[in-house]
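Residue numbers (my numbering): -5 to 42.
For reference, the structure is listed below as structure tokens.
Written out as structure tokens, the structure reads:
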């Protein structure tokens, strides 16, 4: 599984307007739970 910031997944969009219009645009593009934080997944540590 690649990290979410991997270059293939990069998406840049320009937003004309203020932060409120940005959030409305984000919700329209990504869905209702786009502004909710997601739990990070870490690889378990293994002792050598």
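Every residue gets a Cβ at the ideal spot worked out from N, C-alpha and C, and that includes glycine.
Nearest to residue 28 by alpha-carbon distance, out of 6, 7, 13, 18, is 18. Under the three-state reduction of DSSP output, residue 19 falls in the helix class. Judged by DSSP in its simplified three-state form, residue 30 adopts coil rather than helix or strand. Rounded to the nearest whole angstrom, the C-alpha separation of residue 10 and residue 25 is 20 Å. Taking 9 Å as the cut-off, the beta carbon of residue 7 is found closer than this to the beta carbon of residue 23.
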